[in-house]
Structures are given as C-alpha cells and as structure tokens.
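The opening position of the sequence shown corresponds to residue -3 in my numbering, with each subsequent residue numbered one higher. Ideal placement from N, C-alpha and C gives every residue a C-beta, glycine not left out.
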Amino acid sequence: MDLLFNSPELLIILTVLIIGVFGAFLFFRKKKKREPLRETSKERELKALKEEVSQREVRKLVSLEDALKNTQKNFWGRIGEKLSGKSFSPSDLEDIEEVLYTSDLGPKTVQKLFSSIENKMSDISGADNLRSVLRNEILGIFKNVESGSSDLALRPDGPTVWMVVGVNGAGKTTTIGKLAAKMSEQGKKVLIAAGDTFRAAADAQLKVWSERANVDIYSPENIKDPSAIAFDACTKGKAGQYDLVIVDTAGRLHTQKNLMEELKKIKRVMAKVESTAPHEVLLVLDANSGQNALMQAQEFHEALGVTGVIITKMDGSAKGGVAVGVACDVGLPVKMIGVGESVEDLRPFSPQDFVTSII
Ligand SMILES: Nc1nc2c(ncn2[C@@H]2O[C@H](COP(=O)(O)OP(=O)(O)O)[C@@H](O)[C@H]2O)c(=O)[nH]1
Ligand SMILES: [Mg+2]
C-alpha cells in the first residue's frame, strides 16, 4: 500500500485501469439493455398484428341482423317512414323511387324493383304488401345468378386454386385468412401465397393469418414478381399434395390498367401449372364503396371472369344493398359476406336471411 502511495505513476495507472473496467462494464450493460429495441420493423408489425388479432378473438359473434342494421335503416327504414301507418297510394311512388335510387342497389336493380311495384300497384295496400313484393323480387334476383350457393369449387383430386382479387383495402388478405381457417378446420391441406408484393407488410399480415389458420404460407422474400409467386405456389400445391392453394394479389386503384394486365398474367400462369386453374376467381368488394363497388365488379369481371363475389364490411355499413346490385346489375353470385374482422365473421351468403334482415 505504501508503495502505491509513494509511486504516483502506479497510482495513475491503477486509477485509469479502474475507470476503464467500470466504463466497459457500463457500456456492455447498456448495450444489453438496448437489445430488445433492436427488433426489426417487420417483427414489430408482426407483434402488433398478433396482439390486434388476439384482442378481436374475445369479441362476441355478430348477428346478421345487427350487422345489417344500418343497411336496413337506409333502405326499408326510410320506406317505412314515408308510409308510416297510412295506406299505400300512387302518390307514394315518387318517394319510394327516391329511396331505391339512394340505396346503392344499382340502376338496373332499381328499375326492376320499381317496375315490379308499379305492376303490382293494385295488390299493394300498405307497407306489408310492399315489403313482400320487394322481398320476393330481390330473392328472384339472387336466384337468377345462383347467389347464396356458398360452396366454392373444390376438386376431389387437388390441388384446387383460388385467386383472390379486389382493390386495395377491400379485405382480400383478411378474407383469405378467414377462408383458409375454415378450410383447414374442415381438414383440408391449405397453402396460402403472398402474391401482394406491392403493399408494405402485406406478407407479414398474411403470415399472422397463416399461423392463426394453421396453414402453410408461401412468401418468398426475394421474389417480387406476383406471377412468379403464383406459379411457384401452384407448383408447390401440386408437389406437396395440397387440397387448396389460395393466392393473394395486389390491388391498386391508381394504376388500374397495369393492375388488370398483371392479374390477367397471374391467371394465365396458374393455368400453365394446372390447366383448369384457377378454379375460382373471387372478387372481394367493400360494402362501403356502394355504387363504386358495382363499377369495380364490372371491370374485374370483364378482365378476369370473376366466379364469385365476397362482400366485406357489411357490419355497420349502410350500403349493403350493393349485394343486390352485384347480382342484378353485374350478374355475379354473392358467395359470402364479411361482418367483422375475426375468423367467424365470414359467413355464407343466405339471400333469405339477407332479405329479411334489410327489409
Ligand atoms: N369491419 C370489418 N372489417 C374488415 C372486414 N374484412 C376486412 N376488414 C378490415 O379491412 C381492412 C383491410 O383489409 P385487408 O385484408 O388488409 O385488405 P386488402 O388490402 O384487400 O388485402 C383491415 O383492417 C381488415 O381488418 C369485415 O368484414 N368487417
Ligand atoms: Mg392485402
């Protein structure tokens, strides 16, 4: 000790050493503490999505009537208000026509419904008669295009390929997750393919759904060409003896023409692997887009030959009448509807239940 105090050089060296060791200790401690913050943005997104999904799981099942409450108010609710209690007379026709035109049914549908009311004027004495005329007419429209047959194509000796299309935000990825979960529950071996290479984090979103649905996912990080992904997915579907391959696609409004060309290419490429594929081209429409959804349906159908429509976000939307327009104005069957964000919120479309919920 005396030696230490008598030799200032030794004291300085020792002090520097102690400070150095302490500094290094602090540095490594801080670094270790910072470690969890080094999650990649992708991991963070995945975590947030997982939390969101598990929160939704505790939600209760939505009844169809509840989901369609706003559409009911917007359609029959307004007609009922106009007629309230009084008997039906030709002077009410104008009011009814106005309600029909502002219920997102589509112009062709409105003309059909309106002329049917005009033709049956002598039999309609009040709201109840009018209600049954409208119900029957709409049921007839759905029947014409076999809406309500929610069975989607499934080949006995697989793989069946479903291509899912629609504009951005319509609910494609969510619907694919719900469909995959349903099919997996039925014992099908399902592969979902992350063909939306345009939207940031679309693959992470699909990954969460693949985990929930307990199905396989094909989501190559280094391939950006959606046709190549579709091709590979169908090839894997065949080689891996999958029953079903569901291919997600991108949807962009502003480059509609390019998008359609890209989608047509994806469709062609699928047929190269399996000549009859895709076995379903499912168009996902957001109920809230109302009349615009009908235009989307026309365009997608012209380009791709849509085989069935799934209308999402019926819950809370006042524009659910668009389902009738899809069947009558565009001539496409409505196969399923989305009434919320969790798995059980994808329901087979029942024309009967739909009609009695909105009228
Ligand atoms: N309320 C409600 N939200 C839905 C429904 N379907 C999808 N969504 C939500 O709509 C948003 C867009 O869906 P997404 O699947 O990413 O659309 P995509 O861009 O077409 O793939 C997400 O927040 C979904 O949770 C539905 O039936 N009801
Ligand atoms: Mg998507």
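Taking every protein chain shown into account, the CB of Arg264 has fewer than 16 other CB atoms within 10 angstroms, so this residue is exposed. With a beta-carbon spacing of about 13 angstroms, Ala246 and Phe296 fall beyond the 8 angstroms limit used to define contacts. Within 8 angstroms of the C-beta of Ala198 there is at least one heavy atom belonging to ligand 2. Nearest to Ala314 by alpha-carbon distance, out of Glu41, Ala235, Arg74, Met291, is Arg74. Remark: the C-beta of Leu342 is in contact range of ligand 1, defined as less than 8 angstroms to any heavy atom.
At a Cβ-Cβ threshold of 9 angstroms, Gly173 and Ala197 do not count as neighbours.
Between Leu101 and Gly327, the beta carbon gap of about 14 angstroms keeps them out of contact (Cβ cut-off 8 angstroms). Here the stretch 157 to 168 makes no contact with the stretch 127 to 136; the two share fewer than three CB pairs at distances below 8 angstroms. The continuous stretches of alpha helix (DSSP H) do not include Lys69, and DSSP gives it neither H nor E.
Of the heavy atoms belonging to ligand 1, none sits nearer than 8 angstroms to the Cβ of Asn66. In the structure shown, Lys331 adopts extended strand secondary structure according to DSSP, grouped into three states. Secondary structure at Met159: strand, using DSSP grouped into helix, strand and coil. Using a C-beta cut-off of 8 angstroms, the stretch 175 to 184 makes no contact with the stretch 257 to 273, since fewer than three inter-stretch Cβ pairs fall below that distance.
Between Leu187 and Tyr238 the beta-carbon gap is near 5 angstroms, inside 8 angstroms, which marks them as a contact. Rounded to the nearest angstrom, the Cβ distance from Val141 to Pro329 is 5 angstroms, consistent with a contact under 8 angstroms.
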